[in-house]
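Comments concern the structure below.
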Amino acid sequence: MLYASTTPAEKRVRLREQLVPGAALPFPGAFTPVTARLIERKGFAGVYISGAVLANELGLPDIGLTSLTEVATRAGQIARITDLPALVDADTGFGEPMNVARTVQELEAAGLAGCHIEDQVNPKRCGHLDGKAVVDRATAVRRVQAATQGRTDPNFLVMARTDLRGVEGFDAALDRMKALVDAGADAIFPEALADLSEFEKVCAALEVPVLANMTEFGKSELFTRDQLASAGVAMVIYPVTLLRSALGAAERVLDAITADGTQAAEVDQMYTRAQLYDLVDYAGYATFDEDVFNFTLPD
């Protein structure tokens, strides 16, 4: 009720304990606090918070327009409502290495369990689009070093993402990943790998956990958890899946209202009032004030 009972420190320890090569733990992307609660209720291991989703929720494209304050605030709202560890996309760290250090501290203070920092230049773009540009190795390394040096909780997970695969090819990307691990990255996010064999090669070459991004309409095939586990992947994210699903449903209801003059045909596909009240724990709040929940919901 109100907020999670698990502390941010406990969530960070839990995240690190879960990140085992071959576990392929699924982390669906939450775009609101209540969707994080639904993810928890469905038994998932953790919550992912996508930078693209945070931008899209504001009606913006994913090109680095969001600020650290916006990301930390919304990510914090999502993280504090669930007992699951939450990993957030911190884009390029919102500035130079000193800014990256502050970014990590702000995300720690917001209750996140970890973040990933990428090696794109600003303005960045979605990792599954063409025309990306990445910084040089020295700059990418400095970002990771700043992130690890800036954290106040050593269990806060610093994951390094590289977009070099789509710019200079797989071999260059793997070399970059090794350099990022040497710089102190706790885990690696190789964006837009071409096939399962590339995941296998990355997992075999690195001694840290590897993340697989299973986003729809991207450059990577939508592999199953079993396939990714066999490749050695530790975590699988579904960053925009829930947002895309919700927008698709919302559009269908709006179309129904336009065509039929009523939403009645779509009601069977909606969360009922009882389900929604249960998800946000109306009954639990009666512990504080019986006047809050003094009614009976219809079946």
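Numbering (the working numbering), first residue to last: 1333 to 1631.
Just so it is clear, CB atoms sit at the ideal spot from N, CA and C, and this is done for glycine as well.
- With distances taken between CA atoms, Pro1429 lies nearest to Gln1481 out of Gln1481, Arg1497, Pro1455.
- Beta-bridge partners of Pro1358 (DSSP): Val1568.
- DSSP places Asn1545 in the uninterrupted beta strand (DSSP E) bounded by 1543 to 1545.
- The alpha-carbon separation between Ala1356 and Gly1593 amounts to approximately 45 angstroms.
- Burial is judged here by how many other beta carbons sit within 10 angstroms of a residue's own beta carbon; Leu1489 has at least 16 and is buried.
- For secondary structure counted as the alpha helix (DSSP H) over 4 or more consecutive residues, the stretch 1407 to 1467 holds these complete runs in sequence order: 1429 to 1441.
- Within the model, the alpha-carbon separation for Val1534 versus Gln1409 is close to 34 angstroms.
- Scanning Leu1351, Gly1427, His1448, Val1366 for the CA closest to the CA of Asp1415 turns up Val1366.
- Closest option to Ala1368, judged by alpha-carbon separation, among Thr1484, Thr1573, Tyr1617: Thr1573.
- For Leu1444 against Ala1478, the beta-carbon gap comes to about 17 angstroms, at or over 8 angstroms, which does not count as contact.
- Taking Asp1514 as reference, the option from Met1491, Thr1619, Leu1525 with the minimal CA-CA separation is Met1491.
- Looking at Gly1446, Lys1510, Ala1519, Glu1539, the one whose alpha-carbon comes closest to that of Ala1470 is Lys1510.
- Beta-bridge analysis with DSSP links Arg1348 to no other residue.
- According to the DSSP assignment, Val1490 belongs to the beta strand (DSSP E) that extends over 1489 to 1494.
- When the beta-carbon positions are compared, Pro1486 and Ala1505 stay at least 8 angstroms from each other.
- Counting the other Cβ atoms within 10 Å of the Cβ of Met1546 gives 16 or more, which makes it buried.
- Straight through space, the alpha carbons of Val1612 and Arg1373 are spaced by roughly 11 angstroms.
- Looking at Val1420, Thr1604, Leu1560, the one whose alpha-carbon comes closest to that of Ala1384 is Val1420.
- For Ile1589, the enclosing alpha helix (DSSP H) covers residues 1573 to 1592.
- Between Asp1423 and Gly1446 a beta carbon distance of about 14 angstroms is seen, past the 8 angstroms cut, so the two are scored as non-contacting.
- Here the alpha carbons of Val1568 and Asp1558 stand approximately 11 angstroms from one another.
- Your pair Ala1404 and Glu1349 does not check out as a contact, with CB atoms roughly 25 angstroms apart and the cut at 8 angstroms.
- Selection Asp1468, Gly1361, Asp1600 evaluated against Ala1411 yields Gly1361 as nearest (Cα-Cα).
- Non-local beta-carbon contacts of Leu1543 in its own chain, meaning distances under 6 angstroms to residues more than five positions away in sequence, involve Phe1521, Met1567 in chain order.
- Boundaries of the beta strand (DSSP E) harbouring Ile1520: 1519 to 1522, taken from the DSSP string.
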